[in-house]
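Residue numbers (my numbering): 1269 to 1671.
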């Protein structure tokens, strides 16, 4: 059902692109036919890329498919924005054409009573105002989309930004003040990332010299057999009290489910918190660090269990919760959590998607307070789908607790 809906939306988008980028810029003929079939091929490429990514086949389609998906999206954005000025310009074009239309002339008659032979029409008539308007609109949209996607690829494939954040917790033991978390999420190891992507993230995290490393879900987009080699650098993560992981929704997209990755991470020295908690002992004080499974596991009986993760603890101590989706704060608030660390949103990844994400999640990025619980949402260090980030650069967070 999801594939059918997605395919329908892709077809509608490409029909609109054909109307504005092909039909409005060309006349009937061979060029229009060639470009029309090109649009059909690009629509098929997007659908094939989407299906192939879910079935772990056709990975060679990923680069052209996802790059075109980004270009398609921004062509739509620019063309929709240009609809209003284009409509205004079209109104004046029609008005000018009506004014310039010549009065019909009487047909000349030859001496013998027959009509005069008309003079031959010129070989190359000048471009019509409407054709010029269509080409100008398509050119502006094309240049805007190419520039935006080029910028977005540079951002997505470059070094993550180090965000330094201090969070004051009212119940925090003064001896825990200064405890530092390196928070990373949404690394999305997959067909468009290489081992160097993981190595760079590990190198940057190690440079922070954090006390705790928190990987807040969506580490992978595939199976261990396919991506295990890309995850190997995680064994080099360095921190005083260890590295911890909770599942994201993409771990449940893996054909074998999340357990193979949990076992793989255990071999790499990264502990998974599966609806459980551990004690972080620092300078004679204790902090509860808990983690819950992602909501995506609920359909397979592997969803979040807040009672199991947070029940029976000493409520006088501060608790930091790792939960992939910010919306899970609704349950966290009922269990007296002081701080929730989340990802999932990518900060919107491709503006203006940040506006859409805000309709589903209470926080899109950064630090906020929801239902009395402080929530920090990292934009993530990778990308999903198109290797493009616009308005939401990749991020690794150095988060410091303060009493």
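C-beta atoms are modelled at their ideal positions from N, C-alpha and C, and glycine is treated no differently. Remember, predicted model here, so these are calculated numbers, not experimental data.
Could you give the DSSP three-state label for residue i: helix, strand or coil?
i            : result
residue 1556 : strand
residue 1317 : helix
residue 1450 : strand
residue 1610 : strand
residue 1663 : strand
residue 1469 : helix
residue 1482 : strand
residue 1644 : strand
residue 1292 : coil
residue 1499 : helix
residue 1531 : helix
residue 1618 : strand
residue 1590 : strand
residue 1514 : strand
residue 1488 : strand
residue 1668 : strand
residue 1460 : coil
residue 1584 : coil
residue 1524 : coil
Using beta-carbon positions only, say whether residue i and residue j come within less than 8 Å of one another.
i            : j            : result
residue 1665 : residue 1592 : no
residue 1659 : residue 1454 : no
residue 1338 : residue 1618 : yes
residue 1554 : residue 1512 : no
residue 1577 : residue 1543 : yes
residue 1474 : residue 1447 : no
residue 1630 : residue 1597 : yes
residue 1336 : residue 1303 : no
residue 1647 : residue 1668 : no
residue 1538 : residue 1469 : no
residue 1300 : residue 1308 : no
residue 1550 : residue 1479 : yes
residue 1343 : residue 1285 : yes
residue 1317 : residue 1333 : yes
residue 1524 : residue 1671 : no
How would you write the range of the beta strand (DSSP E) that residue i sits in, first residue to last?
i            : result
residue 1653 : It is not in any beta strand (DSSP E) - residue 1653 carries neither H nor E in the DSSP assignment.
residue 1638 : 1634-1638
residue 1544 : 1544-1550
residue 1539 : 1538-1540
residue 1605 : That residue, residue 1605, is in no beta strand (DSSP E); it is neither H nor E in DSSP.
Sorted by chain position, which residues of the same chain lie with C-beta nearer than 7 Å to residue i's C-beta, five sequence neighbours on each side aside?
i            : result
residue 1622 : 1615, 1616, 1632, 1659, 1660
residue 1432 : 1666
residue 1626 : 1632
residue 1361 : 1397, 1398, 1401
residue 1656 : 1338, 1417, 1420, 1421, 1424, 1618
For the alpha helix (DSSP H) that contains residue i, what are its first and last residues?
i            : result
residue 1342 : 1330-1368
residue 1325 : Where residue 1325 is concerned, there is no enclosing alpha helix (DSSP H), given that its DSSP letter is neither H nor E.
residue 1505 : Here residue 1505 belongs to no alpha helix (DSSP H), and DSSP marks it neither H nor E.
residue 1276 : 1270-1285
residue 1574 : 1574-1578
Ordered along the chain, which non-local residues of its own chain (more than five positions away) have a Cβ less than 8 Å from that of residue i?
i            : result
residue 1532 : 1492, 1496, 1499
residue 1595 : 1563, 1628, 1629, 1630
Between which residues of its own chain and residue i is the CB-CB distance below 6 Å, once the five residues before and five after are set aside?
i            : result
residue 1467 : 1501
residue 1652 : 1456
residue 1292 : 1402
Please determine whether the Cβ atom of residue i lies at a distance below 7 Å from any heavy atom of the ligand ATP.
i            : result
residue 1464 : Of ligands this structure carries none, so the ligand ATP is not represented either.
- Task: Just list the alpha helix (DSSP H) runs in the region 1392-1451, keeping only unbroken ones of 4 residues or longer that don't cross its boundaries, in chain order.
- Result: 1397-1425
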